[in-house]
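These notes are about the structure you will find just below.
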């Protein structure tokens, strides 16, 4: 029987569930986590036009200048 005390990797402190084998919680991201996710999006977003943009959206072939993270969800899942 595995439990948090004997787990190979402890559950993060910010998780709502710290014990048990079978659990799966979907949680909304807090402001700090959304900010971190926004930073990843900002670092990886590339302003690059390609020819297919005109074919797929002829009315607005422009490339987005960026994206804004307005919400997010994460999963807290036990090892079982």
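In our numbering, the protein residues as written are 77 to 156. Don't be surprised by glycine CBs; every beta carbon is placed ideally from N, CA and C. These numbers were taken from a predicted model, which means no experiment stands behind them.
With DSSP run on the structure shown, which of helix, strand or coil describes residue i?
{"i": "residue 136", "result": "coil"}
{"i": "residue 150", "result": "strand"}
{"i": "residue 89", "result": "coil"}
{"i": "residue 78", "result": "Confidence in residue 78 is poor, its pLDDT being 49 and thus under 50, which makes the residue's placement unreliable; the coordinate value appears in the next sentence. Coil."}
{"i": "residue 113", "result": "helix"}
{"i": "residue 127", "result": "coil"}
Among the candidates the options, whose CA atom is the shortest distance from the CA of residue i?
{"i": "residue 143", "options": "85, 102, 123, 93", "result": "123"}
{"i": "residue 104", "options": "133, 98, 92, 96", "result": "92"}
So the beta strand (DSSP E) residue i belongs to, where does it begin and stop?
{"i": "residue 103", "result": "100 to 104"}
Under a CB-based cut-off of 8 Å, is residue i close to chain B?
{"i": "residue 124", "result": "No chain B appears in the structure shown, which is made up of a single protein chain."}
With 16 as the cutoff for other CB atoms within 10 Å, does residue i come out buried or exposed?
{"i": "residue 78", "result": "Reliability of the predicted coordinates at residue 78 is poor, the pLDDT of 49 falling under 50, and the value obtained from them is presented with this limitation in mind. Exposed, since its Cβ has fewer than 16 Cβ neighbours within 10 Å."}
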